[in-house]
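If you read the sequence shown in this note's numbering, its first letter stands for residue 19, the second for the next number, and so on.
Quick reminder that beta carbons are idealized off the backbone N, C-alpha and C, glycines included.
A quick write-up on the structure given underneath.
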Amino acid sequence: MARVRTGVRAMGAVLAAVLAASLAGCSSTGGKRAEERAAAAAEGRSAVNTPRWTFAMVTHSGDGDTFWDIVQKGAEQAAVKDNINFLYSHSDEGQQQAELVQTAIDKKVDGLIVSLAKPDSMKTVVAKAVKAGIPVITVNSGSAESKAFGALTHIGQDESIAGEAVGDELDRRGRKKALCVLHEQGNVGHEQRCGGAKKTFDGTMQNLYVDGTNMPDVQASIEAKLDSDRSIDAVVTLGAPFAAAAVKAKQTAGSKAEIDTFDLNASVATGLQDESLGFAVDQQPYLQGYEAVDLLWLHRYNQNALGGGLPVLTGPQIITAEDADALAEYTNRGTR
């Protein structure tokens, strides 16, 4: 089964206890209402009668990034349940992302969800949103800056801890020399992932910077590195779409390096099943989108907050071939 970090396991136990307590306290009427809400959400209808608030999500995603497709799907499904008008926009350029946030502010949205992969570009505009009375939740990137920027909470994985989990897993697999492939320069989360892996990895790890918007270039860069250094026995990519490029690079270079990756999608699940990939680090993007919308709704409706000033962790979880079969149903429908 998947090996889950201690902090994530503890969080799951707390949530399970809360859920059990709430179920035990439900009256027959409460249970019926819960069933009605679930049925309404399943049919694409709102499960609540709160006002139709508008929430905007602005991320640092580039075009065609399957990870962010999953985040968006989770957010959209929560929005249906919560009677939310949901607006989504994205740009992998920091200044353009900030401009999209400003557009959301100008529309006077009722809640804002942002990622902070490039926090310096986002600091001023997030402060404007907070000053305008718009509640903000940060998601995926920016856990270190979230509270200082005035956000209610941060939802995602701690990137340094996730990197450390990768280093530990590489050690467990007996790897000695690894390549960490960074596909977006300036993304602080990516640097933290590779830095965390270097911290716990007993072998040597080298960073390789590639142009993530040009997949042939990504493949060629990895191939050249594997061709020139036969001692590399592991390649770690920082996003699911880049794992496939690394597998092709390995094949062309005739390398025996294991390909591992952050993030999970249907393609990665298949790669784990056929063992063209060694392991994946899942941070549950669907959960990030879903919970971001749901927590904004709870804040608007009931002034609730989660985290107690600390990030709400959705990962990391190490996924291997033995876990892939159980997750295939969910990766194929685009929710894991």
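Top-ranked residue by Cα proximity to residue i, from the options
i, options, result
"Thr121", "Ile152, Gly204, Gln210 and Gly174", "Ile152"
"Pro137", "Val157, Asp247 and Ala97", "Val157"
"Ala116", "Ala93, Gln95, Gly92 and Lys141", "Lys141"
"Gly207", "Leu331, Gln113, Gln175 and Ile102", "Gln175"
"Ala323", "Asp229, Glu309, Val253 and Asn103", "Glu309"
"Val199", "Gly181, Arg191, Gly192 and Thr353", "Gly181"
"Asn225", "Pro234, Phe85, Arg211 and Asn350", "Arg211"
"Lys146", "His172, Ser161 and Val119", "Val119"
"Lys216", "Thr77, Gln321, Asp292 and Ala183", "Ala183"
"Ile102", "Ile123, Lys126 and Trp71", "Trp71"
"Tyr227", "Phe219, Gly221 and Lys243", "Lys243"
"Glu209", "Lys165, Asp245 and Gly160", "Gly160"
"Asn232", "Ser273, Gly82 and Thr349", "Gly82"
"Ile131", "Gly80, Leu313, Gly230 and Asp189", "Leu313"
"Ser79", "Val143, Glu202, Glu94 and Thr332", "Glu202"
"Asn205", "Gly257, Ala196, Asp235 and His172", "Gly257"
Residue i at chain C interface by Cβ criterion, 7 Å
i, result
"Ser159", "Going by chain labels, chain C is absent from the structure shown, which holds only one protein chain."
Beta strand (DSSP E) segment containing residue i, residue limits
i, result
"Gly327", "Per DSSP, Gly327 belongs to no beta strand (DSSP E) and is neither H nor E."
"Ile179", "Not the beta strand (DSSP E): Ile179 falls in the alpha helix (DSSP H), residues Glu177 to Arg190."
"Leu256", "Leu256 -> no beta strand (DSSP E), and no H or E assigned at all."
"Asn225", "Thr222 to Tyr227"
Residue i (DSSP reduced to helix, strand or coil)
i, result
"Ala42", "Since pLDDT at Ala42 reaches only 45, below the 50 mark, its modelled position is unreliable, and the value read off the structure follows with that caveat. Of the three classes helix, strand and coil, the one that applies to Ala42 here is helix, per DSSP."
"Ala52", "Confidence at Ala52 is low in this model, with a pLDDT of 48, below 50, so the placement of that residue should be treated as unreliable; the coordinate-derived value is given next. In this structure, Ala52 counts as helix in the three-state DSSP scheme."
"Asp81", "coil"
"His208", "helix"
"Gln237", "helix"
"Ile336", "strand"
"Lys195", "strand"
"Thr349", "helix"
"Ala342", "helix"
"Val26", "At Val26, the pLDDT of 37 sits below 50, so the modelled position is not reliable; the number obtained from the coordinates is stated separately. Correct three-state label for Val26: helix."
Extent of the continuous alpha helix (DSSP H) to which residue i belongs
i, result
"Val98", "Thr84 to Lys99"
"Val154", "First-last for Val154: Val154 to Val157, but that is the beta strand (DSSP E), not the alpha helix (DSSP H)."
"Glu309", "Pro303 to Asn320"
"Ser164", "Ser161 to Ser164"
DSSP beta-bridge partners of residue i
i, result
"Ala298", "Thr279 and Ile337"
"Leu170", "Per DSSP, none; premise fails for Leu170."
"Leu244", "DSSP lists no partner for Leu244."
"Thr72", "Asn103"
"Thr231", "In DSSP, Thr231 forms no bridge with anything."
* Asked: Which ranges does the alpha helix (DSSP H) cover as unbroken runs of at least 4 residues, wholly within the segment 101-139, from first to last along the chain?
  -> 112-124
* To do: Give, in chain order, every unbroken run of the alpha helix (DSSP H) that is at least 4 residues long and sits entirely within the segment 263-292.
  => Segments of the alpha helix (DSSP H) lying fully in the segment 263-292: 284-291.
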